[in-house]
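Notes to accompany the following structure.
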Amino acid sequence: GEDVEQSLFLSVREGDSSVINCTYTDSSSTYLYWYKQEPGAGLQLLTYIFSNMDMKQDQRLTVLLNKKDKHLSLRIADTQTGDSAIYFCAESINSGNTPLVFGKGTRLSVIA
Amino acid sequence: SQTIHQWPATLVQPVGSPLSLECTVEGTSNPNLYWYRQAAGRGLQLLFYSVGIGQISSEVPQNLSASRPQDRQFILSSKKLLLSDSGFYLCACPGGGTGYTFGSGTRLTVV
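Chains as they are written, first to last, in this note's numbering: chain X, 2 to 113; chain Y, 376 to 486.
Quick look at the structure:
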């Protein structure tokens, strides 16, 4: 079955880069997502990548996909205290039409 | 773009009491709708999804049920709550472009 794994915690200093890693098992995954959840709130889509891409950059965010190893990462440059949140990796084989499978989330703590 | 409304935002219920959480969607018609639960240390667990009125698929056997009485309404219910039902419940639908749009969630505490 489908499975998405993430480390649970990451702590970085303000101004440093954060790298959050994710592995998945379903080789037919077509779309891979990163969501951000701030305390007490729902999930906000940060970025996504199609499986035929290796990298996607959006301002401070860089997503890297190694399809061979089924490894996805999210790099946040110049991490700020406002980036403190839980980050979820998710995968889908059909955007919007099949349920997303989420990892357990990585809690990012930014130390001032 | 879609907007999902969930209420209430927080709820404290005694064990054995009934539950009804409501989710409504604006800005789209006939969407797929999903109920997820987020429990401490367990990430997001898919509970139910619906592809249309009256069509419900259950992912996890439990004492919860879901209904979709109208195109843009998705309801999560229980006849008798258990302590283990505590968690953060999120409703979602496919978003504009790709990915999901999530509601703001309901935090349920069963005491």
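For every residue, glycine included, the Cβ atom is placed at its ideal position computed from N, Cα and C.
What did DSSP end up calling residue i once you bin it into helix, strand or coil?
i                      : result
residue 82 of chain X  : helix
residue 93 of chain X  : strand
residue 55 of chain X  : coil
residue 487 of chain Y : It is not possible to answer for residue 487 of chain Y, since the shown part of chain Y is limited to 376 through 486.
residue 459 of chain Y : helix
residue 444 of chain Y : strand
residue 428 of chain Y : coil
residue 438 of chain Y : coil
residue 60 of chain X  : coil
residue 40 of chain X  : coil
residue 390 of chain Y : coil
residue 31 of chain X  : coil
residue 469 of chain Y : strand
residue 397 of chain Y : strand
residue 420 of chain Y : strand
residue 65 of chain X  : strand
residue 415 of chain Y : coil
residue 99 of chain X  : coil
residue 376 of chain Y : coil
residue 75 of chain X  : strand
I want to verify the contact list: residues of chain X whose CB lies under 9 Å from the CB of residue i, in sequence order.
i                      : result
residue 417 of chain Y : 105
Please list the partners that residue i has in chain X, where partner means a Cβ-to-Cβ separation under 7 Å.
i                      : result
residue 409 of chain Y : 100
residue 421 of chain Y : 100
Compare the beta carbon distance of residue i and residue j with 8 Å and say whether it is the shorter of the two.
i                      : j                      : result
residue 105 of chain X : residue 480 of chain Y : no
residue 20 of chain X  : residue 74 of chain X  : yes
residue 399 of chain Y : residue 448 of chain Y : yes
residue 80 of chain X  : residue 15 of chain X  : yes
residue 470 of chain Y : residue 34 of chain X  : no
residue 71 of chain X  : residue 31 of chain X  : no
residue 450 of chain Y : residue 395 of chain Y : yes
residue 465 of chain Y : residue 452 of chain Y : no
residue 108 of chain X : residue 87 of chain X  : yes
residue 460 of chain Y : residue 485 of chain Y : yes
residue 422 of chain Y : residue 468 of chain Y : no
residue 66 of chain X  : residue 54 of chain X  : yes
residue 429 of chain Y : residue 443 of chain Y : yes
residue 43 of chain X  : residue 402 of chain Y : no
residue 405 of chain Y : residue 391 of chain Y : no
residue 397 of chain Y : residue 410 of chain Y : no
residue 13 of chain X  : residue 102 of chain X : no
residue 37 of chain X  : residue 47 of chain X  : yes
residue 378 of chain Y : residue 482 of chain Y : no
List, in order along the chain, the chain Y residues whose C-beta lies closer than 8 Å to that of residue i?
i                     : result
residue 42 of chain X : 479 and 480
residue 89 of chain X : 418 and 419
Original post:
What are the residues of the segment 464-483 of chain Y that lie near chain X, defined by any Cβ-Cβ distance shorter than 9 Å?
Top reply: For the segment 464-483 of chain Y, the residues whose beta carbon sits under 9 Å from a beta carbon of chain X are, in order, 465, 466, 467, 468, 469, 470, 472, 473, 474, 475, 476, 477, 478, 479, 480 and 482.
Original post:
Of the residues that make up the segment 42-66 of chain X, which ones have a beta carbon closer than 7 Å to any beta carbon in chain Y?
Top reply: With the criterion set as a beta carbon lying under 7 Å from some beta carbon of chain Y, the members of the segment 42-66 of chain X are 42, 43, 44, 46 and 49, in sequence order.
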